[in-house]
Amino acid sequence: MSNSFRVNEPAAAMQVLEGEAVLIHFDSGKYYAANRSGSWLLDMLSRGYSLATLCERLPPSAQADVHEFVGLLTSEGLLTATPTPSLLEAAFEPWPDDGAPTLEVHTDLEDLLKLDPIHDVEADGWPAKAGP
């Protein structure tokens, strides 16, 4: 597994709000919510910390869960590997240690999130949706 990751933009977007990460994958129409541990991990990766650096600072019991979580995010198309970390000027936050990182997957808005009324149109424009 690669050592550095970033959000797979423009196919995906992430925002951390009050300690909870919310991610959207525009191609699949799914949106996701990470628990506190998962949100911490996503926040630290987005700050440019490598997975190896983060695992060095985690309790040994959390390291396998963190690798599994990053693998899940990558398989869902939410994260992509980067060749080198780009560490931002950001303080390292301590591991929340509230269990394994988890990801809730939501599909109730798939049709709306996949709809692109500006670009997904025929030559006569919106609201005529492009054909298959």
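To convert, note that position 69 of the sequence shown is 98 in my numbering; the numbers rise steadily by one, no gaps. Don't be surprised by glycine CBs; every beta carbon is placed ideally from N, CA and C. These figures come from a predicted structure and were not determined experimentally.
For A91, the secondary structure class from DSSP, reduced to helix, strand or coil, is helix.
One Cα belongs to L74, the other to T103, and the distance between them is close to 13 Å. Classified as exposed, F121 has fewer than 16 neighbouring CB atoms from the shown chains inside 10 Å of its CB. Nearest Cα to E139 within the set I53, R86, L87: I53.
For A81, the enclosing alpha helix (DSSP H) begins and ends at 80 to 85. In the structure shown, E38 adopts coil according to DSSP, grouped into three states. For L101, the secondary structure class from DSSP, reduced to helix, strand or coil, is helix. Going by DSSP, L107 is part of no beta strand (DSSP E) at all; its letter is neither H nor E. DSSP lists L52 as the beta-bridge partner residues of M43. Put simply, the backbone Cα of M43 is about 22 Å away from that of A81.
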